[in-house]
Amino acid sequence: MIPCSQDFLTAMKSPIKQAFLKFEFYDSKMNYINEFTKQITNDDIGSISVDSSRPIRRNFSFTLLNKNNEFTWGEDKLLWIDKRVKTYTGLKLRNGNIEYIPQGVFILSEPQDSHTQDGKKTVVSGQDKMFLYTDKRGKFKFETTVEVGVNIGTAIKTLAAKTGETQFNFDTVTETVPYTLTYQPNDNLYQAISDLALLAKCQVYYDVFGFLRLKKIDLNDFDSQPVTWSYKYNDPNERFYAGNVRKMDESQLANHIYVCGGSSQTATCSYELVVTETKTIWKDSPYSIERLGDILYLHNDGNPDGLLTTKDECFWRAKFELRARLGYAEKLSLSISPNYLHDVYDVIEIDDPENNVSGKYLLESFSLPLKPDLMSCECIKYRKVIDNWDFIPMEA
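What follows is the structure in structure tokens.
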């Protein structure tokens with residue numbers, strides 16, 4: 001959840017709002033250039049899209065009136081593809097001030113302006129800074145080596161520095177690179193840092209403040225996280241909830257995980273995790289192979305993962321995959337009034353007895369509209385199949 005003042009919360013819950021948009025423009029070195037603010041009108045359309053499953057989690061596309069040519073793009077203009085933009089949404093408070101909430105730091109891409117019968121308009125688009133790690137911008141230019149024994153956090157910072165990044169928010173990690181890693185020209189920078197992050201049991205992404213975030217993964221985190229917001233049907237104080245569609249998604253379901261590690265084509269370590277009622281921990285599980293059949297997931301397509309070098313590392317990865325593929329069986333498409341404070345992985349509570357929706361859900365992705373309109377969210381509900389993932393025993 002993005003922090004804000006109590007006054008902002010009051011304004012957001014009000015049925016009548018005055019919404020604003022602010023851009024802060026920076027050069028490619030994050031030196032401040034200028035800012036632009038405007039009140040959002042019905043002529044302005046677009047949204048900020050956030051999706052935890054994408055390397056580039058945050059992007060935006062706004063169509064804005066361009067009456068005074070503020071947003072005419074060009075090499076010598078404020079709007080150009082070398083710019084970084086901090087984007088904010090704001091609300092007018094009771095005291096007349098405007099409080100702005102950060103919505104991400106973006107790299108401008110593919111601007112478009114037009115002059116038609118509908119007037120002059122500009123499409124302003126941007127993607128978060130992981131844009132520099134992917135596709136043609138994220139290729140290694142030369143053979144690059146990460147030495148054995150280097151702290152993984154340090155290794156990721158070194159690789160990220162190739163994009164010019166200097167802003168980091170890293171959890172402390174003690175894991176080190178297990179052996180010398182060599183990346184060839186044309187290898188993908190994002191793939192390298194995301195693989196290293198998982199080796200340290202972390203996820204890596206750009207946060208709403210524009211920092212490269214390395215965050216430890218806790219397999220029991222969902223239970224311990226507090227609820228950030230509650231949405232309730234038929235609550236007289238509810239100002240946001242507008243309905244849901246609840247569905248089962250089997251596309252990622254698995255109850256049998258096989259992970260092997262090693263180098264080249266040779267497996268030197270492995271672990272197999274099966275949800276079977278022959279094991280006490282899975283007795284009466286609705287996901288057991290006895291009930292559903294054997295649904296197999298082969299990590300890395302069954303090939304040795306070069307970043308896994310011990311049985312313990314394979315065991316953790318098997319638990320990580322099983323938690324993702326066994327635990328999240330219920331998906332929810334949620335419609336709400338715009339909530340400018342949400343971020344992906346917020347834990348929210350939803351209560352709608354009309355279609356058996358109740359409890360904690362994890363916010364996986366959403367589209368925040370520029371003007372007042374319904375906000376579309378995709379959530380997943382953790383189907384608790386085990387009390388503590390740390391207590392799944394590793395077998396010989």
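The sequence shown begins at 1 in the working numbering and counts up by one. Ideal placement from N, C-alpha and C gives every residue a C-beta, glycine not left out. Remember, predicted model here, so these are calculated numbers, not experimental data.
*Could you pull the start and end residues of the beta strand (DSSP E) that Trp229 belongs to?*
Within the sequence shown, numbered from 1, the residue matching residue 229 stands at position 229. Annotation: the continuous beta strand (DSSP E) that includes Trp229 extends over Trp229 to Lys232.
*Pair every Cβ in the region 162–171 with every Cβ in the region 112–120, then say whether three or more of these pairs are closer than 8 Å.*
Touching, no, given that fewer than three Cβ pairs across the two stretches are closer than 8 Å.
*Gly74: which of Arg58, Glu110, Leu91 and Thr41 sits nearest, CA to CA?*
Numbered from its first residue, the sequence shown carries residue 74 at position 74. Among Arg58, Glu110, Leu91 and Thr41, the Cα nearest to that of Gly74 belongs to Glu110.
*Please report how far the alpha carbon of Leu199 lies from the alpha carbon of Lys92, in whole angstroms.*
Numbered from 1 along the sequence shown, position 199 holds the residue referred to as residue 199. Numbered from 1 along the sequence shown, position 92 holds the residue referred to as residue 92. Each residue's CA atom was taken as its position, placing Leu199 and Lys92 some 45 Å apart.
*Three CB pairs or more closer than 8 Å across the region 292–310 and the region 247–263*: Result yes; three or more Cβ-Cβ pairs closer than 8 Å.
*Simplified DSSP assignment, three categories, for Cys314*: Here residue 314 refers to the residue found at position 314 when the sequence shown is read from its first residue. Annotated three-state conformation of Cys314 is helix, per DSSP.
*Residue of Leu368, Asp82, Lys139 and Gly359 minimising C-alpha distance to Lys232*: Counted from its first residue, the sequence shown places residue 232 at position 232. Comparing Cα positions, the closest option is Gly359.
*Tell me, please, which residues DSSP counts as bridged to Gln127.*
If you number the sequence shown from 1, residue 127 lands on position 127. Answer is Asn59 and Ile107.
*Give the C-beta separation of Trp389 and Lys319 to the nearest angstrom, bearing in mind that I take them to be a contact with Cβ-Cβ under 8 Å.*
Locating residue 389 in the sequence shown gives position 389, counting from the first residue. Locating residue 319 in the sequence shown gives position 319, counting from the first residue. Going by Cβ atoms, the distance from Trp389 to Lys319 rounds to 6 Å, so yes, they are a contact pair.
*Exposed or buried, what is Asn255 when buried is set at 16 or more other beta-carbons lying within 10 Å of its beta-carbon?*
In the sequence shown, residue 255 corresponds to position 255, counting from 1. Counting Cβ neighbours within 10 Å, Asn255 comes out buried, since at least 16 surround it.
*Under three-state DSSP, which class holds Ser47?*
On the sequence shown, residue 47 is found 47 positions in, with the first residue counted as 1. Here Ser47 sits in strand by DSSP.
*Please name the residue, chosen from Val146, Leu79 and Asp43, that lies closest to Ile33 on a Cα-to-Cα basis.*
As a position in the sequence shown, residue 33 is number 33, starting the count at 1. When only C-alpha atoms are compared, the closest one is Leu79.
*Between Glu399 and the rest of its own chain, which residues show a CB-CB distance below 6 Å, the 5 nearest in sequence each way excluded?*
A question about residue 399 goes unanswered here, because the residues of the chain that appear run from 1 up to 396.
*Roughly how many whole angstroms lie between the Cα atoms of Thr154 and Asn95?*
Reading the sequence shown from its first residue, position 154 is the one you call residue 154. Reading the sequence shown from its first residue, position 95 is the one you call residue 95. As the crow flies, the alpha-carbon of Thr154 is around 46 Å from that of Asn95.
_If you measure between the beta carbons of Val275 and Val50, is that distance less than 8 Å?_
To locate residue 275, count along the sequence shown from 1; it is residue 275. To locate residue 50, count along the sequence shown from 1; it is residue 50. Result no, Cβ atoms of Val275 and Val50 do not sit closer than 8 Å.
_Inter-residue CB distance, Thr122 and Thr182 (contact presumed, cutoff 8 Å)_ = Along the sequence shown, one-based indexing puts residue 122 at 122. Along the sequence shown, one-based indexing puts residue 182 at 182. Thr182 and Thr122 do not touch by the CB rule: their CB atoms are close to 45 Å apart, not below 8 Å.
*Can you list, in chain order, the residues of its chain whose CB lies under 7 Å from that of Pro369, leaving out five sequence neighbours each side?*
Position 369 of the sequence shown, counted from the start, is the residue given in the question as residue 369. When the five nearest sequence neighbours on each side are left out, the beta carbons in the same chain lying within less than 7 Å of the beta carbon of Pro369 are those of Ser47, Pro338 and Met375, in order along the chain.
*Would you say Val173 and Val150 are within 8 Å of each other, going by their C-beta atoms?*
As a working mapping, residue 173 is identified with position 173 in the sequence shown. As a working mapping, residue 150 is identified with position 150 in the sequence shown. The answer is no: Cβ separation not under 8 Å.
*Of the residues Gln127, Ala242 and Pro55, the one placed nearest Thr87, counting alpha carbons only*: Here residue 87 is taken as the residue at index 87 of the sequence shown, counted from 1. With respect to the C-alpha of Thr87, the residue from Gln127, Ala242 and Pro55 having the closest C-alpha is Gln127.
*CB of Asp76 within 8 Å of CB of Asp27, strictly*: For the purposes of this step, residue 76 is taken as residue 76 along the sequence shown, with counting starting at 1. For the purposes of this step, residue 27 is taken as residue 27 along the sequence shown, with counting starting at 1. For Asp76 and Asp27, no; Cβs fall outside 8 Å.
*According to the Cβ coordinates, are Leu65 and Gly104 closer than 8 Å?*
On the sequence shown, residue 65 is found 65 positions in, with the first residue counted as 1. On the sequence shown, residue 104 is found 104 positions in, with the first residue counted as 1. In this structure, Gly104 does not lie closer than 8 Å to Leu65 by Cβ.
*Spatial neighbours of Lys67 within its chain, please: CB distance less than 8 Å, with the 5 preceding and 5 following residues excluded, ordered by chain position.*
Along the sequence shown, one-based indexing puts residue 67 at 67. Here the set comprises Gly119 and Lys120.
_Unbroken beta strand (DSSP E) run spanning Met30, endpoints_ = As a position in the sequence shown, residue 30 is number 30, starting the count at 1. Element bounds for Met30: n/a, residue is neither H nor E.
*Entirely enclosed beta strand (DSSP E) segments - the region 202–288, minimum 3 residues*: Counting whole runs of 3 or more residues, the region 202–288 contains the beta strand (DSSP E) stretches 202–206, 212–216, 229–232, 241–248, 256–263 and 266–274.
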